[in-house]
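Note sheet for the following structure.
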Amino acid sequence: MRGILLFCLVALATCQSIRYDLSLDAKKTYVYKYEGTVNFGLGMPNLAESAVRISCKVKISGVSAQTFILQVTDLVLEEFNGFPGKNAFTVSPKLTQRIAAQLVQPFMFDYTNGHITDIRASAAIPDSIVNIVRGILSFFQVTLKTTQRYYELEEIGIHGKCQSTYATEENVETKDMTITQVVDIDNCREKAAIYRGMATAVLDKVAKQKGESIFSTVRYIYTVKPTEEGGLITKAQGLEQQHFSPFNVKGGNFKMKIIKEMVLLSVSDRDEILTFGPMESKGSLVFKFVDADFDIPIMMQNLQDPVPKAIAAIKKLAEANKYSIDSALIEDTIKLYQLLRVTDYEGLEAMWKEFKGNDEYRRWFLDMIVEVNDARILKFLESRFDAADVTALEAVETLVLSINHLEPIPELVEMAKMFFTMPFSKSSVYVWHTVVLTYGSLVYKHCNYYTPCPVSAVQPLLDLATESLRTGDEANMILALKALGNAGHPGSIKTIMRFLPGVAATPVDLPPRVLSAAVQSMRLLAARDPHSVQDITMTLFLDKDLPTEMRMLAFVILFDTKPSMALVSTVTAHLQDEKDLHLVSFAFSYLKSFARSSTPDNLFLSTACNVAVKILAPKFGRLSYFYSKALRMDWFNDDFLIGTATEVLMLRSATNTFPTEFMMKGKFFFIGRILQLLELGIRAEGIKELFSAGIPGFTGDLSSIDFQTIAKVLQNWEMLPDDKPVFSAYTRASGQEWFFTDINKDVIQEIIRAIRPSAGKESPLWGMIENLQKGMSWHRTKPFLIFEVRYYQATSLGLPLEISKYYETTNGITVNAKTTLASPPTERLGEVLASDISLETDGFVGWTKGFWVFYGINTELFQCGTEFKSKIPLAIPWNFAAKINLREKKFELDIPVCKKEIELMSVSSNVYAVSRNIEDPALAKETPIMPNVMDSSPEVIRTNPSIAQPESEQVPSSPSRDKICAESSIYGTGICVESELKRDYYHEEYPLYYFLGYTYMAVKIIPVQAAKAVEKIHFEVNAGPSTHPGSTRQLLETLRRLSKEATQRMSLSSDSASSARGSYSNQDSVTQVLGSVPQAVFNIKAFAISGDQKPDGYDASIYYTPEANNQNAQLIMSQVGEDTNWKMCVDTIVHAHAEAKAHIRWGAECQSYEMSMRGAVAHPPGSKPTLKAKVQWSRIPEAVAEMGRSIGSYIPGMAFLFGFSQQQEKNPRQEVSASVAVASADSIDVKFRFPEYTIYRQAVPFPLPPYSFQELQQDIRNTTLQSFGHA
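Remember, my numbering sits 188 above the position in the sequence shown when you count from 1.
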């Protein structure tokens, strides 16, 4: 019994002597084997992948009880790029040697109770190397609770301060404990992640609920052996997975997979004294981001000695893009951005001195330096402003882009204030505007990253607004308010309120355009301080003493705050009693647009607006278009997480027929963000005053009489006051206003003086004409990084994951021109109008746009990941000679025939597995993610007006490309569309896969074998006076007879070139001789000229033959040439009572084929107003019939997708008809009848309130819609 008791006591003592709490013994040395692999791909068979593998031995020795030294030995870095099962990892010896030389240095860290608190290393060790050590040490960051089997907590890790979930399990036999840790890195209070380039994109929280573009999981499994000193990690495994898609991650995704493992090899007593040099703290275990602006992910180059490389790159790009845009160099512009970003300020100044004397290089340098986004660009601009060695236009362009791309840190915001006090800033009104507006934009981005945003950032704008209000400086008031609108700083609300009547502490009486600027200055505050903005805008909206336009603008800003159901209900109640029909019409149409909205940001607002519309519709649902209106159209796709929205606002007042303000803006919804696109606005305050007394004779039917009456009123513009602009305009991009201008009387007078016929040599046009006579050349190229959006996130390996999108464009235009005047002007510009003008010109206009998406690891040493590349070049060259006679309304154009293939536009894209390293940047590996699989033999289709058939004898440019061509043997020219798609995976649930693989499409002009040699193509347009034929039948008969006589005359014409030219107009000559046919209203000729041979081509004439209550017109088009009698005859009739007909015949003497079209508005008693249309045919070409059958095969399916129903029934065999009937004030019934079936849909929502068809029949000149009513 004593033995048993003694045994139990020994066992109990042994159990109490071993511990699980994690620790390291300072007297021992631990050696681990460590291996980590990161892989990028789609996780599907037969698709390329890229990967990096790091393996090494890790030696940890104690310095003190809580301080240890880590050293890495036997490092091997391997790269993989290719197809799993076919390719293998390969060692990168140079890169391994470079990283090993730094990792072999000692790293010191503090370790207590399973937590690492501080990492120290030599100052020479870069953070990117320390991060790899963090990845190794992350295996030692474990929180162990022996009293709980399952627990959750928030703790520090390499990914930041994130939520972790633990589960523990003890092995009864070995006493080893298995710990499973899952880190929710999508739920981090302080996440090791950075967004760049999205400061002006509004976060859309509701869209995030519909889906994410990134989903990540991290799991660790530890095996802990208990010892007397504490728990010892003998094995650890880590698995990190991430799914990424440019769209909704549910619809297919790219995958990152990290597998890492650490195994204990040995534990021994420390037998040596550790020595190490001075060290500095590198921070905690949390991943530390390096300055990634230098590490552009889509390329890798040697960045040593950047200045000469950047100089050579600018010269190369400038010369290569001078006469055309070289699409092959689009990536070189990104490389140049990178070189400039690593160039110091002195280097930038040296480059300026190198380039400023050469216009071409100077422009390229100023266009590219804007991507230097730190203090260097501000110092550079300061030097230019001080020296005044840039033009106002150069200053505006450079300042707008550089401030827009500037890093919005406090130091740079403070530094940017210097431009307010520099004399050059006020040397031009546009430079001053740019300085103030761009500073507001900088403050807005600054406030996105620093909350609460200090008032000191916006203080210069507050001071400018306060001072301008004190002195009554209207121009600076508007400028300051617009800049405050850009800043969107919550601290500016009190200053803005001082400009608003009804909410200002002291009464103010300011011009309407200042009030407009003040209201719109709250547009971005609506998201940052919605409650304050709601209080202000609601007060303004309810103030009946304010101008109607201000109340409408306040209403718009109010709804930018996304008001609650209660607030919308309050607005609705007030609208029911509102007497101003302009305000009611605007508000109702705006509410109605929101009620139909499908974008996530309006998910709740659309419901509230839908209720409001139902309440207001009976009273205000039928107000006419002559009241103020707001229109909003949008769509959103949940699979792609993409959508768009467009708003058009037209503001009027009860006292004015002419709109006061017109605004149009667009938005783009993309994976949880709202990007505000281009916005345009026009305020016609001066013009409004011209129309304040009405428009005498204006009927409202927008006829020629109405336009004449408007023109008469506009002629009185000189009566406007000098201190008010005739109209103002502004433009915004990404929600930021960057340009506005006032057009006053002086500007208009200068323009009129410059272009009026009586102007003399003082006119700038006179100088332009003289330069054209001498011959002139003009060229401009504009590279522009449209956006650079980057997202960085830590990984468990200590390598930075990056998701980046780059969109770059290089635009260019070159014009060479020379003009010859038969009688050059001597005193007045009007003399040019009476002269024959000859113009010879050539040049090009085009662009190349490049788009890249990178998903992978990006460090200054190596890159590994998946990359999407797309390129869209467009090039439109021209070379022609023109003759113009304005007096005779005659225009001639000669174009050389196409001699070689010209690519007008192309789109190409592919997805690659990429691997790059700095030791061998020229040996970068880019493997198409999809293997090259040859498609089936291609089919080249050529079409002309009468046939469509395969042409097997034509060999396409690529064996797998489809090619469709339309060719003309008359003109020796054709146009082709080439396309090629390579896809292995299609699935309707995974939209990402639609874009995976090679894509190519191009539009090309090609030379074609002509029936006879063609030297040039001649166009001629005549728009002389007309006399009217008695009837269409007489016209056709006369033209048929005339055509035979003209052909005989052409055969007798001389073979000389001059007589060939004379034959162009022989039809007109014969007409004059015979006197049997009137002149055409409009005549167009298109001939192929073949030396002294007879021209071939087409001749078209338009005749206008009005009769009582009818507007008739005829088109006669004839083919000119030997042995041809092809003609097309079109007869159109528009009846006064809303009915239109067209009768088309073509073929030999207009007799081969025939079809007719008819459209009419009908409203029989007791029925709905209906618009009906019908197409009938008796004889049509087989190719047209086949095309119709092909299109018809898609109609039932497409109709089903759009909610139409189908009914099988026999309708007229050679007829297609459609009808649209008004079902209600906001819906229509639609029906289409085809020969074999009918499709229909009832109560289709209509985006605009429909006009009353009955009213159109009764009196199209009414200015109000009587049948719809007003209230």
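Backbone N, C-alpha and C define an ideal beta-carbon position, used for all residues, glycine too.
Rounded straight-line distance, which links the Cα of residue j to that of residue i
i            : j            : result
residue 279  : residue 321  : 20 Å
residue 438  : residue 1365 : 49 Å
residue 480  : residue 1047 : 8 Å
residue 380  : residue 429  : 16 Å
residue 1027 : residue 1232 : 35 Å
residue 255  : residue 215  : 11 Å
residue 1282 : residue 1196 : 20 Å
residue 433  : residue 1054 : 11 Å
residue 226  : residue 678  : 44 Å
residue 719  : residue 826  : 30 Å
residue 1477 : residue 1275 : The chain is shown only over 189 to 1459; residue 1477 falls outside these bounds and no answer can be derived.
residue 1347 : residue 810  : 26 Å
residue 180  : residue 305  : Any property of residue 180 remains undetermined from this structure, which presents the chain solely from 189 to 1459.
residue 1243 : residue 943  : Caution is warranted here: a pLDDT of 39 is assigned to residue 1243, below 50, making its placement in the model unreliable, and no coordinate value can be reported.
residue 1503 : residue 350  : With the chain running from 189 to 1459 in the structure shown, residue 1503 is simply not present.
residue 638  : residue 760  : 38 Å
residue 663  : residue 840  : 24 Å
residue 682  : residue 699  : 20 Å
residue 1085 : residue 1002 : 21 Å
residue 833  : residue 824  : 9 Å
residue 332  : residue 340  : 11 Å
Helix, strand or coil at residue i according to DSSP, with G and I counted as helix
i            : result
residue 301  : coil
residue 494  : helix
residue 965  : strand
residue 463  : coil
residue 392  : coil
residue 691  : coil
residue 1086 : coil
residue 1160 : coil
residue 801  : helix
residue 1433 : strand
residue 754  : helix
residue 574  : helix
residue 384  : strand
residue 592  : helix
Sequence-distant residues of the same chain with beta carbon closer than 7 Å to residue i, five excluded per side
i           : result
residue 513 : 998, 1000, 1034, 1035, 1036, 1061, 1063
residue 522 : 484, 486, 487, 994, 996
residue 467 : 296, 308, 309, 310
Own chain residues within Cβ distance below 6 Å of residue i, not counting five before or after
i            : result
residue 449  : 223, 425
residue 1336 : 1313
residue 743  : 729, 775
residue 785  : 794, 822
Cβ neighbours of residue i in the same chain (closer than 8 Å, five flanking residues each side left out)
i           : result
residue 206 : 363, 414, 415, 416
residue 753 : 792, 795, 796, 799
residue 337 : 355, 356, 357
DSSP beta-bridge partners of residue i
i            : result
residue 1424 : Bridge partners of residue 1424: none, in fact.
residue 823  : 832
residue 1028 : 1006, 1069
Cβ-heavy atom distance, residue i to the ligand MN, below 7 Å
i           : result
residue 344 : The ligand MN is not part of this structure, which contains no ligands at all.
Checklist entry - Counting pairs of Cβ atoms below 8 Å between the segment 817-835 and the segment 765-777, do you hit three or more? => result yes
Checklist entry - Is there contact between the segment 311-319 and the segment 966-978, where contact requires at least three CB pairs shorter than 8 Å? => result no
Item to check | At least three beta-carbon pairs within less than 8 Å, the segment 357-371 to the segment 937-957 | outcome: no
Checklist entry - Is the number of C-beta pairs between the segment 487-496 and the segment 1094-1106 that are closer than 8 Å three or more? => result yes
Next on the checklist: Taking contact to mean 3 or more Cβ pairs, one atom from each stretch, closer than 8 Å, check whether the segment 625-635 and the segment 663-681 are in contact.
Outcome noted: yes
Item to check | Segment contact, 8 Å Cβ cut-off, at least three pairs: the segment 1153-1166 with the segment 1076-1094 | outcome: yes
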